[in-house]
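Engineer: The numbering of the sequence shown is the working numbering, which starts it at 636 and goes up by one. C-beta atoms are modelled at their ideal positions from N, C-alpha and C, and glycine is treated no differently.
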Amino acid sequence: MEDHGLFGPRSVTWRVMGEPILLVGGFRALLMQGLHPRAMRGVLQNSALMDPAEAWSRFQRTTEFVRVRTYGTRAEVARAGARVRKIHATLTALDPDTGERFRLDEPEALRWVHVGEVDSYLSVALRAGIGLSPAEADRFVAEWRAAAEIVGLSPSDVPGSVAELRDYIEAARPGLRFVPEAAHPLRMSLNAPLPLYLAPVRAAVPALTLLAFATLPRWARRLYGLPATPVGDLWATASLRALHTGLGLVPAQVRYAPDARRARRIMAA
636 MEDHGLFGPR SVTWRVMGEP ILLVGGFRAL LMQGLHPRAM RGVLQNSALM
686 DPAEAWSRFQ RTTEFVRVRT YGTRAEVARA GARVRKIHAT LTALDPDTGE
736 RFRLDEPEAL RWVHVGEVDS YLSVALRAGI GLSPAEADRF VAEWRAAAEI
786 VGLSPSDVPG SVAELRDYIE AARPGLRFVP EAAHPLRMSL NAPLPLYLAP
836 VRAAVPALTL LAFATLPRWA RRLYGLPATP VGDLWATASL RALHTGLGLV
886 PAQVRYAPDA RRARRIMAA
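#1: Can you round the beta-carbon distance between Val793 and Ala806 to whole angstroms, since I take them to be within the 8 Å contact cut?
#2: As a quick exercise: from Pro852, Leu884, Arg857 and Leu882, pick the residue whose alpha carbon is nearest that of Leu869.
#3: Out of Ser755, Leu767, Arg897 and Pro893, state which residue places its alpha-carbon closest to the alpha-carbon of Leu846.
#4: Consult DSSP for Asp730 and reduce its assignment to one of helix, strand or coil.
#5: According to DSSP, Glu771 sits in a beta bridge with which residue or residues?
#6: If you draw a straight line from the C-alpha of Val866 to the C-alpha of Ala715, how long is it?
#7: May I have the straight-line CA-CA distance separating Asn681 from Leu788, to the nearest angstrom?
#8: Hey, could you find the ends of the alpha helix (DSSP H) Phe662 is sitting in?
#9: Excluding the five sequence neighbours on either side, which residues of its own chain have a C-beta within less than 7 Å of the C-beta of Leu800, listed in chain order?
#10: Take Val759 and list the residues in its own chain whose beta-carbon comes closer than 8 Å to its own, dropping the five residues that flank it on each side.
#11: If Arg709 and Gly640 are in contact, beta carbons under 8 Å, what's the gap, nearest whole angstrom?
#12: State the Cα-Cα distance for the pair Ala772 and Arg762, rounded to the nearest angstrom.
#13: Quick one: is Gly669 buried, meaning 16 or more other Cβ sit within 10 Å of its Cβ, or exposed?
#14: Spatial neighbours of Met675 within its chain, please: CB distance less than 6 Å, with the 5 preceding and 5 following residues excluded, ordered by chain position.
#15: I need the straight-line Cα distance from Arg738 to Val678, nearest angstrom please.
#16: Going by alpha carbons, who is nearest to Thr705 out of Val885, Ile785 and Ala842?
#17: From the DSSP secondary-structure annotation, give me the bridge partner or partners of Phe737.
#18: Please list, in chain order, all residues of the same chain as Glu778 whose beta carbon is under 7 Å from its beta carbon, the five residues on each side excluded.
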């Protein structure tokens, strides 16, 4: 029997994650992560995220981890997860608010990053018009409990349904804010540190970042110091639907990445 990894052809995850519009969900997930002070400070103090010479390499490593976690075999996922857990277990950061030094594998920060990612992918998929029933949306959240285990969390400690996801986010809101020492991601996107061969797409990065911001909940946009109105919500949903529809006109061999094309062939078999 072929090894399809964590999810496989009958999963909602495979059906959703291959859609190019989910790139916006990836941007949104990073923005959600950035509102957890310890998660953000862990990144700021231990990575090259803010170094223009290294940011692209870090982005590539993150993208590769997401790809392997979604489509890799169980052995490939296990190796990728072990690398991430080892890195998190050996790094620490300083919380200037308390003077406390904390480890990057602190469960609460890892849990927020997980929840922000799942919520972002699901929210963008639904608003873009990727048809999911309420039961399928719950399945998507539940499937990602396996992904939480890969980074060192207990599956039972992360939400298993849309309702649990929303309850967790609501309970976490009082502790969220944008830390002052972090560069604003919208400002960073105006000078995106892309390699030379990707220079032609640099102009699109601020637009994608702006769209990702617009898909955030209004309370999250306010924490970033941005306008947060119902009109913005309507604009974000309309833009996602238009972009998803436009991408649907592109031939499948161009629209989908190789792993997503392979997953679609397996699902259709």
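Structural biologist: Taking the geometry as given:
#1: As a first step, residue 793 must be located in the sequence shown, where it is residue number 158. As a first step, residue 806 must be located in the sequence shown, where it is residue number 171. The Cβ separation is near 13 Å, so there is no contact.
#2: Here residue 869 refers to the residue found at position 234 when the sequence shown is read from its first residue. Nearest of Pro852, Leu884, Arg857 and Leu882 to Leu869, Cα basis: Pro852.
#3: Locating residue 846 in the sequence shown gives position 211, counting from the first residue. Residue Ser755 is the option with its Cα nearest to Leu846.
#4: Walking along the sequence shown from the start, residue 730 turns up at place 95. It is a strand residue.
#5: Position 136 of the sequence shown, counting from 1, holds the residue named residue 771. Glu771 is not bridged to any residue.
#6: Counting from 1 along the sequence shown, the entry for residue 866 is found at position 231. Counting from 1 along the sequence shown, the entry for residue 715 is found at position 80. Cα to Cα, Val866 sits roughly 41 Å from Ala715.
#7: Numbered from 1 along the sequence shown, position 46 holds the residue referred to as residue 681. Numbered from 1 along the sequence shown, position 153 holds the residue referred to as residue 788. About 21 Å.
#8: Here residue 662 corresponds to residue number 27 of the sequence shown, with the count starting at 1. Segment Leu657 to Gln668, the alpha helix (DSSP H) holding Phe662.
#9: Counting from 1 along the sequence shown, the entry for residue 800 is found at position 165. The residues are Val750, Val753, Asp754, Val776 and Pro794.
#10: The sequence position of residue 759 within the sequence shown is 124, counting from 1. Cβ within range, chain order: Ile656, Leu657, Val659, Gly660, Arg663, Thr850 and Leu875.
#11: Mapped onto the sequence shown, residue 709 falls at position 74. Mapped onto the sequence shown, residue 640 falls at position 5. So it is a contact: roughly 6 Å between Cβ atoms.
#12: Locating residue 772 in the sequence shown gives position 137, where the first residue counts as 1. Locating residue 762 in the sequence shown gives position 127, where the first residue counts as 1. Using only the alpha carbons, I get a separation of about 12 Å.
#13: Position 34 of the sequence shown, counted from the first residue, corresponds to residue 669. With 16 or more Cβ atoms within 10 Å of its Cβ, Gly669 is classed as buried.
#14: Indexing the sequence shown from 1 puts residue 675 at position 40. Closer than 6 Å at the Cβ level, and outside the excluded window around Met675, lie Gly669, Val814 and Ala817.
#15: As a first step, residue 738 must be located in the sequence shown, where it is residue number 103. As a first step, residue 678 must be located in the sequence shown, where it is residue number 43. When rounded, the distance between both Cα atoms is 11 Å.
#16: Start at 1 with the first residue of the sequence shown, and residue 705 comes out as number 70. Of the listed residues, the one whose Cα sits closest to Thr705 is Ile785.
#17: Translated into positions along the sequence shown, residue 737 becomes position 102. Answer is Ala728, bridged to Phe737.
#18: Here residue 778 refers to the residue found at position 143 of the sequence shown. So the list reads Phe642, Ser646, Val647 and Thr648, once near-sequence residues are dropped.
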